[in-house]
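Residue numbers (my numbering), protein chains in the order written: chain A, 33 to 306; chain B, 6 to 362. Since the structure comes first, as structure tokens, the remarks are kept for the end.
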């Protein structure tokens with residue numbers, strides 16, 4: 033009984049934190065989302081998602097984050113494999129190189145890309161110097177994808193790397209022993225067994241990419257609106273908290289939905305995939 | 006039993022600057038149950054992994070059925086391995102695990118189904134086709150690992166401490182199973198273990214290894230009854246290893262007392278090591294023994310009593326079904342053919358090769 037009581041006291045600060053900064057704001061968003069400016073109940077804010085420009089922003093956000101996630105996966109898997117096979121000294125060195133930029137603030141890194149990609153930025157100066165055609169990707173969706181991949185790649189590498197190092201070397205040896213070529217071993221053993229890592233990597237890249245507004249703001253100019261930018265504008269420029277909250281709720285449903293799908297596939301990954 | 010199937014020729018292998026195998030030579034005959042026995046780090050697992058294709062030797066060749074397979078990848082070798090921690094594919098059912106090798110080699114579904122049934126029957130797990138590996142006990146998982154290996158009809162089955170993770174009773178049961186399997190399949194088994202009892206129970210031939218060298222190779226009876234050096238004597242079973250003096254042929258002086266023995270050819274007045282198994286010592290009345298001593302310890306071990314007898318400054322380990330109380334005076338008698346004489350290691354180098362505890 034005493035232990036229970038002291039446990040409850042220890043959980044107190046966190047409990048306070050989550051009520052004050054998670055539950056209450058969430059309740060406020062739900063309240064604003066379902067009311068109009070005079071406080072009456074309405075579904076209009078939710079229905080805002082159906083407007084052509086909002087649908088376009090949502091569609092673009094889904095497309096760009098899907099492409100970014102795919103690129104991250106293609107880059108991350110081989111890298112994670114190299115890391116997992118390197119010896120401890122080598123791999124900790126590579127991991128350090130990889131993680132080092134992550135200690136820098138996310139905004140700062142995205143701003144740096146803006147400077148690099150600008151019309152008269154560093155990359156184009158170098159290209160000019162080499163008499164090569166300029167790179168014109170700033171303020172295009174390509175720059176946004178670049179920013180997303182750059183920022184979220186480590187979140188794909190780490191879970192896959194973890195799944196790979198947990199894999200028993202003898203399981204791979206057993207597949208080879210039973211006659212599988214390296215390619216067959218990868219497709220039938222290594223890939224399915226690291227699927228949970230891949231799934232969590234995908235979730236960790238796709239969800240933040242879907243809702244980002246900073247990357248699209250800085251690298252897409254203000255011309256390209258993703259759903260994150262629309263919501264941001266509603267809150268800041270339009271001061272329309274009701275519509276902003278309504279759209280946020282829609283996004284929340286999207287996030288919950290994608291996580292549910294991931295969870296389902298994750299279970300299948302543990303089950304039969306042969 | 007006569008044809009040589011596998012030849013290790015001058016194999017050397019080191020990891021970093023640690024030499025694991027040094028100029029290692031070994032021949033394995035067809036249909037043999039051969040056990041590599043030794044303490045951890047003796048090179049037994051490395052030998053097996055070189056044969057399986059998971060390690061490449063720095064020097065030397067592996068000859069399998071007349072062909073050099075040293076550079077062949079594991080999937081091209083006509084042998085299969087049972088790994089220490091089973092290494093089952095946890096994302097597949099039992100049937101899919103067993104079918105893995107057969108599917109890779111493109112066998113028909115009917116053939117595969119037959120083989121799965123046959124293999125599960127062989128390891129006494131019929132009806133387990135649709136279970137998942139993690140719903141099985143350790144012993145059952147090990148049986149599946151064996152079934153998965155043997156359906157491919159390898160010429161040789163490699164077993165890397167397969168019973169190491171099982172409890173005692175299960176280990177004994179599985180030992181008998183393995184002997185039965187080997188007889189039913191009629192293929193070569195190469196077995197790695199550090200457990201001398203497993204080795205003695207199952208093997209046709211035991212290879213005792215230490216520090217990358219073969220210490221002794223022979224039948225279980227040979228290894229147990231006639232250890233060639235103190236390492237083997239000490240590693241296989243319990244024994245009294247006593248520094249002694251070989252007075253002449255068939256007479257050895259142990260701790261100041263003269264014992265008749267059966268060994269000849271050691272010369273006269275030559276220092277030797279004598280091995281006497283604890284169960285070969287007879288405790289008799291003080292006046293009837295060759296040496297007289299006092300019982301200092303007594304432990305009941307179930308089948309026998311284990312006693313220590315202090316006589317002429319040496320603590321003799323004795324196993325007997327008759328109890329003698331602590332403090333009682335006894336005589337020690339050993340039959341001549343139960344005394345095993347071994348040359349003392351001649352130099353420090355010999356010692357490193359021969360004795361290491």
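Built from N, CA and C at the ideal position, the CB exists for glycine as well. Quantities reported herein were computed from a predicted structural model and do not represent experimental measurements.
Interface criterion not met: the Cβ of residue 100/B is under 7 angstroms from no Cβ in chain A.
Listed in chain order, the positions of the stretch 217-233 of chain A with a beta carbon within less than 9 angstroms of a beta carbon of chain B are 217, 220, 221, 224, 225, 227. Taking a Cβ-Cβ cut-off of 7 angstroms, residue 192/B has no neighbours in chain A, whose nearest Cβ is about 15 angstroms from it.
Per the DSSP secondary-structure output, residue 324/B pairs in a beta bridge with 311/B.
In summary, the residues of the stretch 141-153 of chain B whose CB is separated from some CB of chain A by less than 9 angstroms are 150, 153, in the order they occur in the chain. With a threshold of 16 other beta carbon atoms within 10 Å, residue 209/A meets it and is buried.
Note on geometry: alpha-carbon atoms of residue 80/A and residue 41/A lie some 44 angstroms from one another. Contact annotation, residue 52/B with residue 41/B: C-beta distance approximately 6 angstroms; criterion of less than 8 angstroms satisfied.
Put simply, the backbone Cα of residue 75/B is about 30 angstroms away from that of residue 101/B. In this structure, DSSP gives residue 220/A a helical state, which the three-state scheme calls helix. Residues of the same chain with a CB within less than 7 angstroms of the CB of residue 167/B, apart from the 5 flanking positions on each side, are 87, 89, 147 in chain order. In this structure, residue 24/B and residue 13/B do not form a Cβ contact; the two beta carbons are roughly 16 angstroms apart against a cut-off of 8 angstroms. Under the DSSP assignment, residue 57/B falls outside any beta strand (DSSP E), being part of the alpha helix (DSSP H) whose first and last residues are 49-57. Pairing residue 201/B with residue 49/B, the inter-Cα distance amounts to about 13 angstroms. Per DSSP, the beta bridge partners of residue 32/B are 12/B.
Scanning chain A for C-beta atoms nearer than 7 angstroms to the C-beta of residue 109/B yields 210, 211, 212, 216, reported in chain order. For residue 232/B, no chain A residue has a C-beta closer than 8 angstroms to its own C-beta; the minimum C-beta separation is roughly 33 angstroms. Per DSSP, the unbroken beta strand (DSSP E) holding residue 265/B starts and ends at 262-265. Within the stretch 45-75 of chain B, contact with chain A at the beta-carbon level (separation under 8 angstroms) is assigned to 57, 58, 59.
Interface annotation, residue 171/A: not in contact with chain B, CB-CB separation never under 7 angstroms. Going by beta carbons, residue 317/B and residue 286/B fall outside the 7 angstroms limit. Listed as beta-bridge partners of residue 286/B by DSSP are 339/B. Against chain B, the CB of residue 206/A has a partner CB under 7 angstroms away; the residue lies at that interface.
The closest CA to that of residue 113/A, considering only 68/A, 254/A, 193/A, 204/A, is found on 193/A. CA-to-CA, the gap between residue 162/B and residue 191/B works out to about 11 angstroms.
In this structure residue 153/B is buried. Its beta-carbon is surrounded by 16 or more other beta-carbon atoms within 10 angstroms. Going by DSSP, residue 165/B is part of the beta strand (DSSP E) stretching over 161-165.
The criterion of a C-beta distance shorter than 7 angstroms is satisfied by residue 275/B and residue 251/B. Listed along chain A are 205, 208, 209, each with a C-beta nearer than 8 angstroms to that of residue 79/B.
Considered as a whole, the stretch 211-278 of chain B harbours 225-230, 235-240 as its complete alpha helix (DSSP H) runs of no fewer than 4 residues, in chain order. Where residue 233/A is concerned, the enclosing alpha helix (DSSP H) starts and stops at 227-243. With contacts defined by Cβ atoms closer than 7 angstroms, residue 274/A and residue 121/A do not form a contacting pair. For residue 94/B, same chain residues with a beta-carbon under 6 angstroms away, outside a window of 5 residues either side, are 102 in chain order. Look at residue 136/B here: in three-state DSSP terms it is coil, with no helix or strand label. With fewer than 16 other Cβ atoms inside 10 Å of its own Cβ, residue 328/B counts as exposed. Residue range 64-69 is occupied by the beta strand (DSSP E) that includes residue 65/B.
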